[in-house]
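Encoded as structure tokens, the structure appears first; notes follow it.
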Amino acid sequence: MNDDDSTTSSKQKKSFEKFRLFLRSLAIGLLEGALSGLIAYLLTLIHFYAFFGIFFIWFIFGWGSTFIIKTRTLEILTVVLSASLLALLLYYFEGIPIWFGLPVGGLSLLIW
Numbered sequence: 030m031n032d033d034d035s036t037t038s039s040k041q042k043k044s045f046e047k048f049r050l051f052l053r054s055l056a057i058g059l060l061e062g063a064l065s066g067l068i069a070y071l072l073t074l075i076h077f078y079a080f081f082g083i084f085f086i087w088f089i090f091g092w093g094s095t096f097i098i099k100t101r102t103l104e105i106l107t108v109v110l111s112a113s114l115l116a117l118l119l120y121y122f123e124g125i126p127i128w129f130g131l132p133v134g135g136l137s138l139l140i141w
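This is the structure we're talking about:
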């Protein structure tokens, strides 16, 4: 009976740890996307084509998040989430349709 309790307890700890890593990945993706979107919006106020600099900033954020997130699947989730949020913010505020480019660029960078 005691072995079953310890096995169940260790399984619950592992599931909780996986859930915590998943939530951390979501939070980092949202933070990256929101910060990149804000910077991109401010860059477009300076000049319309200055938003291309956001790709460089977004790649730096993505590179930094790989040191925090150790699982490849969660890295992909973070990149897709931050890219989609960034593209949504740019499209909403500036009307720049780059929905497809950001997630594909981020995933290709991860694969590379």
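Position in the sequence shown counted from 1, then plus 29, gives you this note's numbering. Heads up, the beta-carbon is just placed ideally off N, CA and C, and yes, glycines get one too. If you're wondering where the values come from, they're calculated on a predicted model, not measured in any experiment.
Inter-residue spacing [alpha-carbon to alpha-carbon] between Lys42 and Phe51: Residue numbering aside, residue 42 sits at position 13 when the sequence shown is read from its first letter. Residue numbering aside, residue 51 sits at position 22 when the sequence shown is read from its first letter. Distance between the alpha carbons of Lys42 and Phe51 is about 14 Å.
Helix, strand or coil at Thr100 according to DSSP, with G and I counted as helix: As a working mapping, residue 100 is identified with position 71 in the sequence shown. Three-state result, Thr100: coil.
message: Quick check on Ser44: buried or exposed, where buried means 16 or more other Cβ atoms within 10 Å of its Cβ?
response: Stepping through the sequence shown from its first residue, residue 44 is reached at position 15. Ser44 comes out exposed.
- prompt: How about Leu118 and Gly66: are their beta carbons less than 8 Å apart?
  reply: Within the sequence shown, numbered from 1, the residue matching residue 118 stands at position 89. Within the sequence shown, numbered from 1, the residue matching residue 66 stands at position 37. Cβ distance < 8 Å, so Leu118 and Gly66 count as in contact.
- prompt: Under three-state DSSP, which class holds Thr95?
  reply: The residue given as residue 95 occupies position 66 in the sequence shown. Reduced to three states, the DSSP call for Thr95 is coil.
- prompt: For the 8 Å Cβ check, are there 3 or more pairs between the region 99-114 and the region 76-84?
  reply: no
message: Tell me the rounded alpha-carbon separation between Ser39 and Glu46.
response: The sequence position of residue 39 within the sequence shown is 10, counting from 1. The sequence position of residue 46 within the sequence shown is 17, counting from 1. Going from the Cα of Ser39 to the Cα of Glu46 covers about 10 Å.
Per-residue burial, Trp87 [other beta carbons within 10 Å of its own, 16 or more giving buried]: For the purposes of this step, residue 87 is identified with residue 58 of the sequence shown, where counting begins at 1. Buried.
message: For Gly124 and Phe90, I'd like the C-alpha separation in whole angstroms.
response: Here residue 124 corresponds to residue number 95 of the sequence shown, with the count starting at 1. Here residue 90 corresponds to residue number 61 of the sequence shown, with the count starting at 1. So the two alpha carbons sit approximately 23 Å from each other.
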